[in-house]
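So in the numbering used here, spot 108 of the sequence shown is number 302, and the numbers just go up one at a time. We put the beta carbon where it would ideally sit given N, CA and C, even for glycine. Worksheet: the structure to be examined is printed underneath.
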Amino acid sequence: MNILLFLFLLQTPEVPFKPSNEFEIKVDLSFKQKENDFNQYNKVTLDYSETVAQKNRRLSGNQLPYLILKINFLTFSDQEKKVKITNNLNKVVYNKKAELATLIKLDLGFVDDIKDRVSPNTFDVILINADKVSISHVLIVIQEDGTFLVNKEKRGKF
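Rendered as structure tokens:
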């Protein structure tokens with residue numbers, strides 16, 4: 195019985211989600227060419243018969259969706275002093291003072307890499323007080339099927 199009470203007291207309370215009306219996340223989805231063949235950097239070929247239009251058409255098949263999220267906080271509580279973003283690899287990707295005018299660009303990379311788990315798929319936007327204690331957070335997840343979740347709410351699919 196004492197062990198259960200001890201374990202219960204050791205559990206830290208879960209940090210609440212920041213209300214969705216206090217922030218907005220915009221999706222910036224563009225198409226970029228992904229360079230996979232490392233040997234192509236060593237090759238130099240000139241084809242004078244190929245026009246620019248033909249070259250663009252040839253390269254257009256290599257365009258893949260590339261994802262950047264733009265996070266904008268509409269309000270902060272009096273305690274929220276700093277914004278820290280970590281990914282599922284426990285790497286800090288953003289760590290700055292919380293300011294309303296700041297637009298945070300979160301470069302996630304190619305959508306296929308995120309879905310295939312080649313690059314991080316989960317980001318935790320943590321709002322911290324002056325004593326470095328987490329006050330609230332925003333959880334961003336892209337699942338293997340491409341479902342885009344913000345605070346466990348479905349926001350779309352890639």
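Contacts around Asp301, its chain only, beta-carbon distance under 6 Å, and the 5 residues preceding and following it disregarded: Ile262
Cross-strand partners of Lys226 (DSSP beta bridge): Leu258
Would you kindly report the start and end of the unbroken alpha helix (DSSP H) that includes Val286? Premise fails: Val286 lies in the beta strand (DSSP E), Val286 to Lys291, not in any alpha helix (DSSP H).
Backbone secondary structure at Ala299 - three-state DSSP: In the sequence under discussion, the amino acid at residue 299 is Lys, which differs from the Ala named in the question. Looking at Lys299 - three-state DSSP - the assignment turns out to be strand.
Got a sec? Which residues, its chain only, sit under 6 Å from Phe289 by beta carbon, not counting five neighbours each side? The identity of residue 289 in the sequence shown is Asn, whereas the question assumes Phe. Excluding residues within five positions, the ones whose Cβ falls inside 6 Å are Lys278.
DSSP beta-bridge partners for Tyr322? Note that residue 322 is Ile in the sequence shown here, rather than Tyr. Ile322 pairs with Lys276 and Ser328.
Buried or exposed: Tyr242, going by 16 or more other Cβ atoms within 10 Å of its Cβ? exposed
Counterpart residues of Leu263 in DSSP-defined beta bridges: Val221 and Leu300
Name, in chain order, the residues that DSSP records as bridge partners for Val335. Thr316 and Leu343
With distances taken between CB atoms, is the gap from Thr280 to Asp325 smaller than 8 Å? no
Near Asn323, which residues of its chain fall below 6 Å by C-beta distance, leaving aside the five closest residues on each side in sequence? Gln273, Lys275 and Ile329
According to the Cβ coordinates, are Asn228 and Phe342 closer than 8 Å? Note that residue 228 corresponds to Lys in the displayed sequence, not to Asn. No.
Per-residue DSSP class, three states only, for Asn215: helix
Quick one: using the 10 Å Cβ neighbour count with 16 as the cut-off for buried, is Leu223 buried or exposed? exposed
Alpha carbon of Asn282 to alpha carbon of Pro314, nearest angstrom: 6 Å
Assuming His331 and Val246 form a contact by the criterion Cβ under 8 Å, report the distance between their Cβ atoms to the nearest whole angstrom. Not confirmed; about 48 Å, so no contact.
Hey, Ile334 and Val344 are a contact pair by Cβ (cut 8 Å); roughly how many whole angstroms apart? 6 Å
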